[in-house]
Structures are given as C-alpha cells and as structure tokens.
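A.B. asks: Note that our numbering has the sequence shown beginning at 50, numbered continuously upward. Have a look at the structure that comes next, please.
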Amino acid sequence: MNFMKSGRSMRHPASSSLSRSIGGLALLSLAVSPVAAKEAADELEPTGTYSVYQTDAAQTPPMGWNPWNAFRTDVDEAKIRGSAEALVDNGLAQLGYRYVNIDDGWALQRREDGTLKIRDTMFPSAKVDGYPNGTFVPFTDFIHGLGLKAGLYTDIGRNTCAQYHDAKSPNLPVGSIEERQVGSMDHAEQDMKAIFGTWNFDYVKIDACGVADYAPGTEPVESGRFAVFPPYIVRGDIPKSNPDAVEALYAKLGSAIKEWGGPDAVLSICAWGEALSPRWGHKQGNLWRTSPDIEFNWDSMLRNIDSAVYRTLYAGPGHWNDPDMLAIGHGDFDENHLTEARAHMSMWAIMASPLLLGYDLRESPQELLDIVGNREVIAIDQDAAGNQGVAYRDGDAMVVVRTLSGPGSRAVAFFNRSDEPVAATVDWTQLGFAPQTDAKVRDVWAHETLSPASEAITVQLGPREAKLFRIKGMPVDPEAVWLDEMPARINVAVDGLGNHALPDGWTPARVAAAPDGGPLAAGKTTFDKGIGLFANSRLEIRSDGEFDRFIARPGVAEGAKPVTFEVYADRKLVADVTVAGGTAGMIDADVSGAEIVELVARTAAADDGARGPMVAWGNAKFER
Numbered sequence: 050m051n052f053m054k055s056g057r058s059m060r061h062p063a064s065s066s067l068s069r070s071i072g073g074l075a076l077l078s079l080a081v082s083p084v085a086a087k088e089a090a091d092e093l094e095p096t097g098t099y100s101v102y103q104t105d106a107a108q109t110p111p112m113g114w115n116p117w118n119a120f121r122t123d124v125d126e127a128k129i130r131g132s133a134e135a136l137v138d139n140g141l142a143q144l145g146y147r148y149v150n151i152d153d154g155w156a157l158q159r160r161e162d163g164t165l166k167i168r169d170t171m172f173p174s175a176k177v178d179g180y181p182n183g184t185f186v187p188f189t190d191f192i193h194g195l196g197l198k199a200g201l202y203t204d205i206g207r208n209t210c211a212q213y214h215d216a217k218s219p220n221l222p223v224g225s226i227e228e229r230q231v232g233s234m235d236h237a238e239q240d241m242k243a244i245f246g247t248w249n250f251d252y253v254k255i256d257a258c259g260v261a262d263y264a265p266g267t268e269p270v271e272s273g274r275f276a277v278f279p280p281y282i283v284r285g286d287i288p289k290s291n292p293d294a295v296e297a298l299y300a301k302l303g304s305a306i307k308e309w310g311g312p313d314a315v316l317s318i319c320a321w322g323e324a325l326s327p328r329w330g331h332k333q334g335n336l337w338r339t340s341p342d343i344e345f346n347w348d349s350m351l352r353n354i355d356s357a358v359y360r361t362l363y364a365g366p367g368h369w370n371d372p373d374m375l376a377i378g379h380g381d382f383d384e385n386h387l388t389e390a391r392a393h394m395s396m397w398a399i400m401a402s403p404l405l406l407g408y409d410l411r412e413s414p415q416e417l418l419d420i421v422g423n424r425e426v427i428a429i430d431q432d433a434a435g436n437q438g439v440a441y442r443d444g445d446a447m448v449v450v451r452t453l454s455g456p457g458s459r460a461v462a463f464f465n466r467s468d469e470p471v472a473a474t475v476d477w478t479q480l481g482f483a484p485q486t487d488a489k490v491r492d493v494w495a496h497e498t499l500s501p502a503s504e505a506i507t508v509q510l511g512p513r514e515a516k517l518f519r520i521k522g523m524p525v526d527p528e529a530v531w532l533d534e535m536p537a538r539i540n541v542a543v544d545g546l547g548n549h550a551l552p553d554g555w556t557p558a559r560v561a562a563a564p565d566g567g568p569l570a571a572g573k574t575t576f577d578k579g580i581g582l583f584a585n586s587r588l589e590i591r592s593d594g595e596f597d598r599f600i601a602r603p604g605v606a607e608g609a610k611p612v613t614f615e616v617y618a619d620r621k622l623v624a625d626v627t628v629a630g631g632t633a634g635m636i637d638a639d640v641s642g643a644e645i646v647e648l649v650a651r652t653a654a655a656d657d658g659a660r661g662p663m664v665a666w667g668n669a670k671f672e673r
C-alpha cells in the first residue's frame with residue numbers, strides 16, 4: 050500500500066450536532082447530559098436522557114499506535130516519531146490510524162508545586178528555554194503536523210504500572226517517594242490542564258495500578274521505595290475492591306478532561322475489567338478495558354474476546370468496549386502466523402473494538418500491513434452505526450452478527466476458537482432476513498463477491514481461522530427495527546445488580562440471550578430475539594422520534610416474584626404490565642415522537658439482599 054501523505058488536521062475542529070447513520074436511519078445527536086435534569090427519586094425513575102459519557106470524540110472506535118507492546122519503557126522520542134511517520138508513509142494514517150500515543154515511562158518526577166517534569170533524555174525536544182520542567186508542545190506539534198493526533202499516559206493513583214511491574218527499568222521516575230508519585234491522584238485538574246490545555250494532547254490513557262499494586266505488605270512498599278495505598282482494586286476479588294471509589298476517580302478526571310480538552314478529547318479507562326469497570330465505563334469514558342493486558346498468545350486473545358464479545362449493549366458511538374491493543378506483530382500473531390493475525394483482526398472489527406497497533410511499524414512486513422490495512426475490514430470496525438456484533442456460540446465455533454448502516458446490511462464473523470477444523474452456520478433468523486430470500490455475500494478478506502445465498506450460510510473453518518463477510522439481504526419487516534439490530538442506541542443505565550459480582554461467563558445485560566448465556570426465556574416460553582438482564586433495571590433507548598410503537602413480550606424467570614415492566618416515552622408512562630414468575634406478558638406501547646424510550650423492570654427487593662431475578666424483554670421491537 051502506497052498512499053500520499055495526509056495534510057495537517059485541526060486538533061479540535063468546530064463541532065455541532067453530530068449527524069450519523071444508525072441502523073440505516075438518519076440520526077441527529079441529542080444534546081443530552083449524563084446527569085438527569087432533575088435528581089431522580091430512585092435510580093429506576095426515568096430521566097428522559099441518554100446517560101453515557103457524552104463528547105464528540107470517538108464516534109467510531111479510535112485507531113492508532115501505542116509503543117507499549119513493542120518497547121515497554123525502552124522507548125524514546127525517535128522511536129515514536131519514526132512510528133508516526135511510518136503510519137503516514139505506509140498509508141495506515143489515511144485508513145484511520147491517527148492516534149500516536151506515549152505510554153508509561155515519560156514522567157521524571159513530580160515537583161514540589163505539583164507540576165510534572167518530563168524525562169527529557171527520552172524526549173529531547175521537551176528541553177525548551179523557559180520551561181524548567183520541559184514541554185511536550187514540540188512533540189505534539191510534530192504529530193499534528195503529520196495530520197495525526199497525540200496521546201499520553203497517566204494513572205488514577207499516585208504511582209504508575211511501570212513503577213511496579215518494570216521496576217528495573219532505567220526509565221522510571223526519580224527522587225524522593227513524593228517526587229516519584231507521578232500519577233494523577235490529588236492532581237486531576239492540574240494534570241489534565243497540562244496534558245490537554247498546555248501540551249495539546251488529544252487522548253489520555255489512564256491506568257489504575259496506583260490504586261491496586263501498592264497495598265500493605267507488597268514488596269515495593271515494604272522496601273520503603275513507595276508509600277502504602279490501601280487498595281481500591283484487589284485483582285480478581287470484587288468484594289474486597291471498592292468499585293465506587295475507582296469510578297469516582299475516573300469521573301473526576303473525565304470532568305477535567307472535558308474542561309481542558311474540549312469535546313474532541315478521548316478518555317481511555319484502563320482498569321483491566323476490574324472494579325466492575327465494564328459495567329460503568331460507558332458512563333465515565335470513551336473506551337474502557339474489559340480484560341487484563343493481552344499477551345502474545347492465542348489463549349490470551351480468546352480470554353480478551355470473551356471479556357467483550359457479549360457486552361454488546363455497553364458500546365456505541367463515543368463509548369466502546371476495549372479488549373486491549375492488537376497483538377498483531379507479536380508471538381502467535383506475527384508474520385509467521387497470518388491465519389491467527391487475520392482472526393485477531395476480524396474479531397476486533399466485528400466487536401467494534403478500538404484498533405491500536407503495538408508493533409514496530411518502522412520494520413513492518415508487508416503481510417502484516419495487508420492485514421491491519423485491509424480497507425474492507427476497517428470499514429466494518431468503523432461503521433457509523435456503531436453497533437457491536439451479537440455473538441452466537443456452538444462449541445468451538447462462534448458466529449458474530451453485526452448490524453451495519455443501511456437497510457438489511459450485516460457483517461458476520463465466523464470464528465474457530467480451536468486447533469481442529471469446525472463448521473459454523475448463520476441463518477436468516479439471526480440475520481433478521483425474510484425467509485426464502487436471497488442475500489448478497491462479500492468475502493472481505495478475499496475481496497470477492499460470492500454467489501447469492503438463501504436461508505443460511507455454512508462455512509468450513511480451519512484451525513484458528515476466521516472468515517469475515519459483509520451480507521445484504523431483505524429485512525423481515527422494513528418498517529420494524531428489533532432491539533437486537535440497534536444495540537448502539539441502547540444504554541444500560543441501571544443493570545439491577547448494584548455491586549453484586551456475577552459468575553464467570555455471565556453478562557449483566559445481553560442481546561438474544563439470558564445473562565447466564567442460556568436461552569432467552571420465561572418458563573417454557575422462549576424468544577428468538579430480545580434483551581436479557583435482571584429485574585430492578587432501566588434501559589435508555591434513543592428512539593429520536595422515529596417510531597410509533599414499541600412491542601415486546603416481557604418475561605420473568607421461573608420461581609421469581611412478580612415483576613412490573615414499564616415503558617416510558619420522554620419520561621411519560623405509556624404502558625405497563627405485571628408478570629408472574631415463569632410466565633411472559635405482552636406490551637404494545639404508543640411511543641409516537643418520543644426522543645428517549647425507557648424500559649424499566651421492577652420487583653420487590655429480596656429479603657437477603659440478593660440480586661433480582663433474570664428477566665427478558667422478549668421479541669422486542671419498534672415499529673414505524
């Protein structure tokens with residue numbers, strides 16, 4: 050791929066109401082606030098708002114490059130500048146890879162006045178007369194001059210991840226215990242003003258090691274090198290963690306970022322899926338890690354896929370599940386493992402995941418550039434509708450169906466998780482196509498248009514292979530939109546769980562399945578489509594005045610107390626029904642002209658404080 054170099058872009062272009070296409074429908078972004086106009090009496094009370102992290106940034110998943118996987122703290126300005134130039138020279142920048150981020154290791158110390166001193170041996174351009182702490186402006190000017198955007202790293206605690214996990218690195222903060230506290234705790238406003246208001250960065254990755262790894266009894270603390278911090282995160286142990294405190298720290302930083310970075314600034318939350326962050330990340334940032342760091346092997350990639358692939362309802366324009374950076378170029382995903390690298394890229398694209406490269410682009414084999422630079426694959430990841438795919442699994446065979454912009458347009462990934470050949474099938478019910486109709490099929494890796502298919506598509510997959518198709522067919526009802534087909538317009542405002550942890554493999558709210566991964570059902574009644582979650586929950590749906598009716602079969606798990614299901618149109622109750630355990634009811638609500646539709650499921654609190662029962666908004670759809 051050889052493309053012309055892109056010109057310089059404006060850092061923060063003038064913004065207005067965002068126009069985009071969602072599920073094939075023209076959508077005008079609402080001027081909504083993450084905070085309700087009036088404080089709700091309880092969290093189930095409708096607010097008439099869409100309470101995700103609202104900015105103009107990251108309307109499609111961010112794409113770019115981060116040095117960590119290639120260099121960890123063994124990085125310098127020349128390597129980063131060279132990689133930025135490579136993005137332009139090899140054409141990746143024109144394909145959307147625009148963020149060039151600095152990871153951990155850049156901060157030398159925190160000065161007595163709270164300001165941060167830059168490690169100018171790593172970034173010699175930071176040495177500018179009149180700036181005793183250095184300045185990143187020459188660096189960000191260089192990045193912006195290439196038509197790219199610049200990102201930086203910090204931590205929500207007092208110390209960073211490298212200070213703990215790369216303790217022998219020469220590129221770590223120096224000085225006293227206090228001087229080496231370069232994380233943002235107690236300096237949120239000051240640091241974000243510097244990063245965005247002074248240094249002109251566009252993106253910040255905020256780690257959480259500072260509130261996890263410096264607990265009493267740990268070696269760095271016992272050795273006297275670091276101050277103790279009673280942890281807010283105990284890895285893998287929700288009951289011993291403090292999710293509210295972690296969320297509050299990110300919320301404070303998010304507010305400061307909006308103030309100093311403006312509407313185009315990106316906040317990446319890096320709490321590795323801990324402290325319930327995949328459940329609240331969409332309220333506090335533009336992207337949030339759902340998993341531990343990806344390692345350069347197949348099993349690690351599978352773990353990270355599973356952390357995000359069923360969280361379809363938590364992603365959408367401006368807020369994305371992040372299963373971590375692409376490991377392409379390393380280990381099981383290098384130039385000697387192209388099948389695995391294509392599978393990795395396919396799954397990140399179908400999940401609408403951020404695409405952040407992490408290998409040395411200055412020496413990239415063409416075979417890898419062809420994978421990460423596949424225009425058709427990138428177009429699926431970057432589709433304006435912003436719908437994350439809906440996953441169906443049959444043993445080692447996984448099928449993920451993603452609704453794209455335009456009527457009847459879908460992307461489908463067929464994925465073999467195993468080392469043995471498998472077959473995978475998707476049928477017209479899963480695609481929302483009318484029975485006995487043909488569909489056009491495009492293989493985006495082979496760049497081939499295949500013969501029309503009808504009723505179902507079955508593919509044979511080799512070991513660790515993925516195939517990715519763009520499919521266009523006839524919708525069952527062109528005047529109806531199933532909730533399954535518009536997850537990017539649905540926000541899980543309240544999931545009914547409080548601070549309850551879920552067993553492995555469960556997801557608080559799922560499309561086309563119950564939270565435990567089983568069939569979407571109420572007693573003996575099963576549903577092909579709909580949303581499964583828990584009682585005492587509230588969903589916000591951006592209906593944008595496009596629909597006349599909302600129809601659903603609300604159902605309750607066997608043996609549960611009765612649940613009352615309510616439908617609100619712009620905060621007005623328009624329909625409700627009370628459903629007994631193990632049964633399903635019916636709702637047909639007039640939502641004409643409503644901008645926000647809210648679905649509430651209420652039940653009496655359990656005597657023992659346990660979470661509420663599983664419920665279903667079965668076969669739920671809007672009609673025009």
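Ideal Cβ placement from N, Cα and C applies to all residues, glycine included. Keep in mind that this is a model prediction, so the values were computed, not measured.
Taking contact to mean 3 or more Cβ pairs, one atom from each stretch, closer than 8 Å, check whether the stretch 530 to 546 and the stretch 664 to 673 are in contact.
C.D. replies: In short, these stretches touch, since the Cβ pair count reaches three.
A.B. asks: Can you say whether V223 is buried or exposed, counting buried as having 16 or more other CB atoms within 10 angstroms of its CB?
C.D. replies: Within the sequence shown, residue 223 is the residue found at index 174, counting from 1. Exposed, because fewer than 16 other Cβ atoms sit within 10 Å of the Cβ of V223.
A.B. asks: Under three-state DSSP, which class holds I590?
C.D. replies: Numbered from its first residue, the sequence shown carries residue 590 at position 541. Here I590 sits in strand by DSSP.
A.B. asks: What residues match up with A462 in a beta bridge as DSSP calls it?
C.D. replies: Working through the sequence shown from its first residue, we reach residue 462 at position 413. In DSSP, A462 forms a bridge with V449 and L517.
A.B. asks: Could you tell me the distance, in whole angstroms, from the CA atom of R274 to the CA atom of A561?
C.D. replies: For the purposes of this step, residue 274 is taken as the residue at position 225 of the sequence shown. For the purposes of this step, residue 561 is taken as the residue at position 512 of the sequence shown. Cα-Cα distance, rounded: 51 Å.
A.B. asks: Which term fits S78, buried or exposed, when burial requires 16 or more other beta carbons within 10 angstroms of its beta carbon?
C.D. replies: As a first step, residue 78 must be located in the sequence shown, where it is residue number 29. Reliability of the predicted coordinates at S78 is poor, the pLDDT of 31 falling under 50, and no value is obtained from them.
A.B. asks: Can at least three beta-carbon pairs, one atom from the stretch 650 to 664 and one from the stretch 604 to 613, be found at a separation below 8 Å?
C.D. replies: Touching, yes, given that three or more Cβ pairs across the two stretches are closer than 8 Å.
A.B. asks: Since R328 and D544 are thought to touch, with beta carbons under 8 Å apart, how far apart are those beta carbons, to the nearest angstrom?
C.D. replies: Numbered from its first residue, the sequence shown carries residue 328 at position 279. Numbered from its first residue, the sequence shown carries residue 544 at position 495. The Cβ separation is near 6 Å, so the contact holds.
A.B. asks: Thinking C-beta only, is N370 closer than 9 Å to L316?
C.D. replies: The count along the sequence shown starts at 1 and reaches residue 316 at position 267. The count along the sequence shown starts at 1 and reaches residue 370 at position 321. Result no, Cβ atoms of L316 and N370 do not sit closer than 9 Å.
A.B. asks: Please state if the CB of F482 and the CB of V525 are separated by a distance shorter than 9 Å.
C.D. replies: The count along the sequence shown starts at 1 and reaches residue 525 at position 476. The count along the sequence shown starts at 1 and reaches residue 482 at position 433. Cβ atoms of V525 and F482: closer than 9 Å.
A.B. asks: Counting beta carbon pairs with one atom in the stretch 492 to 512 and one in the stretch 293 to 303, are three or more of them shorter than 8 Å?
C.D. replies: The stretch 293 to 303, when compared against the stretch 492 to 512, does not touch it at the 8 Å Cβ threshold.
A.B. asks: Is it buried or exposed, Q415, if we count other Cβ atoms within 10 angstroms and call 16 or more buried?
C.D. replies: For the purposes of this step, residue 415 is taken as residue 366 along the sequence shown, with counting starting at 1. Exposed, because fewer than 16 other Cβ atoms sit within 10 Å of the Cβ of Q415.
A.B. asks: Between the Cα of V270 and the Cα atoms of V101, Q212, R130 and E92, which residue gives the shortest distance?
C.D. replies: Residue numbering aside, residue 270 sits at position 221 when the sequence shown is read from its first letter. Checked all of V101, Q212, R130 and E92; the closest Cα to V270 is Q212.
A.B. asks: If Y363 sits next to H331, beta carbons under 8 Å apart, how far is it from one beta carbon to the other, in whole angstroms?
C.D. replies: The sequence position of residue 363 within the sequence shown is 314, counting from 1. The sequence position of residue 331 within the sequence shown is 282, counting from 1. Contact flag correct, Cβ pair sits at about 5 Å.
A.B. asks: Spell out the partners DSSP gives S317 in its beta bridges.
C.D. replies: In the sequence shown, counting from the first residue as 1, residue 317 sits at position 268. In DSSP, S317 forms a bridge with K254 and L336.
A.B. asks: Under a three-way DSSP split, which group does K578 fall into?
C.D. replies: For the purposes of this step, residue 578 is taken as the residue at position 529 of the sequence shown. It is coil, neither helix nor strand.
A.B. asks: Using CA atoms only, rank isn't needed, just tell me which of N353, H549, D105 and M523 is closest to N291.
C.D. replies: As a position in the sequence shown, residue 291 is number 242, starting the count at 1. Closest option to N291, Cα to Cα, is H549.
A.B. asks: At the level of alpha carbons, what is the spacing between T632 and D625?
C.D. replies: Numbered from 1 along the sequence shown, position 583 holds the residue referred to as residue 632. Numbered from 1 along the sequence shown, position 576 holds the residue referred to as residue 625. Cα to Cα, T632 sits roughly 15 Å from D625.
A.B. asks: Do Y148 and A199 have their CB atoms nearer than 9 Å?
C.D. replies: The residue you call residue 148 lines up with position 99 of the sequence shown. The residue you call residue 199 lines up with position 150 of the sequence shown. The answer is yes: Cβ separation under 9 Å.
A.B. asks: Are the CB atoms of A462 and G438 nearer to each other than 9 Å?
C.D. replies: Numbered from 1 along the sequence shown, position 413 holds the residue referred to as residue 462. Numbered from 1 along the sequence shown, position 389 holds the residue referred to as residue 438. Yes, these two residues count as a Cβ contact at 9 Å.
A.B. asks: Can the beta-carbon of D699 be found closer than 9 Å to that of P312?
C.D. replies: One cannot answer for residue 699 here, as it falls past the ends of the chain, which runs 50 to 673.
A.B. asks: Which stretch, first to last residue, makes up the beta strand (DSSP E) that contains I167?
C.D. replies: Counting from 1 along the sequence shown, the entry for residue 167 is found at position 118. Element bounds for I167: L165 to I167.
A.B. asks: CA-CA distance, A650 and V101?
C.D. replies: As a first step, residue 650 is located in the sequence shown; it is residue number 601 there, counting from the start. As a first step, residue 101 is located in the sequence shown; it is residue number 52 there, counting from the start. The straight-line gap from Cα to Cα measures roughly 20 Å.
A.B. asks: Considering only the alpha carbon of each residue, which of D355, P527 and N423 lies closest to G554?
C.D. replies: Position 505 of the sequence shown, counted from the start, is the residue given in the question as residue 554. The shortest C-alpha separation from G554 is found at D355.
A.B. asks: The alpha helix (DSSP H) that contains F671, what's its start and end?
C.D. replies: As a first step, residue 671 must be located in the sequence shown, where it is residue number 622. Not the alpha helix (DSSP H): F671 falls in the beta strand (DSSP E), residues M663 to E672.
A.B. asks: Of all the options G196, V646, G572 and E644, which has the alpha carbon lying nearest to the alpha carbon of Q143?
C.D. replies: For the purposes of this step, residue 143 is taken as residue 94 along the sequence shown, with counting starting at 1. Nearest option by C-alpha distance: G196.
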